[in-house]
Each structure stands twice: as C-alpha cells, then as structure tokens.
Ligand code: 13P
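Numbering (the working numbering), first residue to last: 897 to 1141.
Written out as structure tokens, the structure reads:
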C-alpha cells in the first residue's frame, strides 16, 4: 500500500549509546507525524534501539540478513534472529552490499523471499551506476533489477515490501537526482511492477543525498513516496527536518 515513509540507513555508524540518545531526541519531535518513520541500524544497535523506541512511532530495521534459516554461515544473521527481538524491517540489496559483498539479483531475491516468509518487511534497493546512467541504461538496469528481486512473489507480498530507488552516483556524493529524473525512474519501476503483478500500489522511496533542503521537492513528486536517507539520518535534528518536510 502506498504511504509516506521516511527511512534512515545508518550504515556502519552509531554505537548503542548514540542510538539510544538518537531515539530519545527524535521520538518527541516526530510523535505527531503522519509519515512512517523507520531507522535501519547496525546489528549491535538493534536491541537497544528497539527497547528505546518501544512506546514511540519509530520503527526499526536491520540492514542485511542471510536467506538460509540457520547453519554454518559464520558471521551471518538470520531472519528468525531478527524476528526474535521484534525487528520489523530489513534492507535488502543495498548497492554497497552488491558492490562490496558480491550480492546479486539472485541472492537479493532469495533474501526477499525469506524475509517475507518470516514476517519481516524488506526494503528492496535498486539503482544504476554512473557509467550505466551515462550510457543511457538507467531504465533498463533498474527495471531488470526490480523484476529479478521480486521474482516469484505474489501481489499480496507487495503490501509488505518497500522499494528504494537509489542511483549509485547520488549516494554519499552530495549529488541528488533531479526531482523529475527521480520521479521518472520511480514511475518506470512502478510500471514494471504493474506489468508483473497487475498493480503498482507499492511504496517506492528515493535515496541518494536526501537532505532537509531537498526533501520536500522530492517527496511531493507524484510517484515518490518518501526517502531512504544515509548521512542525514545520523543526526536526530537533521533527520527530523526530513521526516517533517
Ligand atoms: P546518502 O543519503 O548518504 O547519500 O546515502 C543514501 C543511502 O545509501 C541510503 O541507503
């Protein structure tokens, strides 16, 4: 179901005490927002963040998980482990994981299916590189990524999924896609989903150098349902400005 969602991705930042302080600062500032607020935090912060966010409207997510249920996968974390402490969301297929940890469309799809089967809500990331953009391949790349990521899912699954369109050249660079370009790419993702599932009623976020200064312009576009925010989600006051754009 389409709704406004502002999600933070802390990446490999923030210690538990910083996470708890963040939640305590943010919670009163966002208590009246109609937008859904999510923070996706490192594994070591999850438990502390969940406890601190318990009676607030802040939702908590992880940034990765394995697709297997359990077993000899040293260093990995399973969906059941996340569920056991009440984690609600999990980012799947972030470009940094595709780039540095060899995640592929196939493993993204395996993870999405496991997450859904375990009752976790995946935030599925797609996006093109600068080279692909310059070759005019943006739409081809992102529609193929989303098609493979959502392979073998049902229309019903869509209501438990958030998609994030994050052009890789805009991540952490200060370069934001223009609101028209971001909207157009997201419209194409929506069309691809519609052709597969018969509906495009799915929440799709934009990510890549979202800041308090550009949030409103981006989030009021016809097809953009909110943002996945990296750097600007590390400071509660700054993130609050984006939530309450
Ligand atoms: P920045 O907002 O720091 O560009 O990061 C975006 C991102 O990768 C969120 O997942």
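Just so you know, even glycine gets a beta-carbon here, dropped at the ideal spot from N, CA and C.
Among the bridge pairs identified by DSSP, residue 1017 is matched with 985. Per DSSP, the continuous alpha helix (DSSP H) segment holding residue 945 begins and ends at 939–948.
The region 1016–1036 and the region 1063–1077 touch, with no fewer than 3 CB-CB distances between them shorter than 8 Å. Three or more beta-carbon pairs separated by less than 8 Å are not found between the region 964–983 and the region 991–1004, which leaves the two stretches without contact.
Beyond the five residues adjoining it in sequence on each side, residue 1084 comes within less than 8 Å, by CB distance, of 1035, 1038 and 1039 in the same chain, given in chain order.
The C-beta distance from residue 903 to residue 1019 rounds to 6 Å, short enough to fall under 8 Å. One thing to note: residue 1103 has its Cβ within 9 Å of the Cβ of residue 1062.
Closest by C-alpha distance to residue 919, out of 1029, 907, 936 and 977, is 936. In the DSSP assignment, residue 1039 falls within the alpha helix (DSSP H) that extends over 1034–1045. The beta strand (DSSP E) runs of length 3 or more contained entirely in the region 1071–1103 are, from start to end of the chain, 1099–1103.
Pairing residue 996 with residue 1010, the inter-Cα distance amounts to about 22 Å. Between residue 960 and residue 987, the CB-CB gap stays under 9 Å.
When C-alpha distances from residue 1056 are compared across 1044, 907 and 1099, the shortest belongs to 1099.
Residue 1108 holds the alpha-carbon nearest to the alpha-carbon of residue 1130 among 1027, 1008, 1108 and 1073. The three-state secondary structure of residue 1056, taken from DSSP, is helix.
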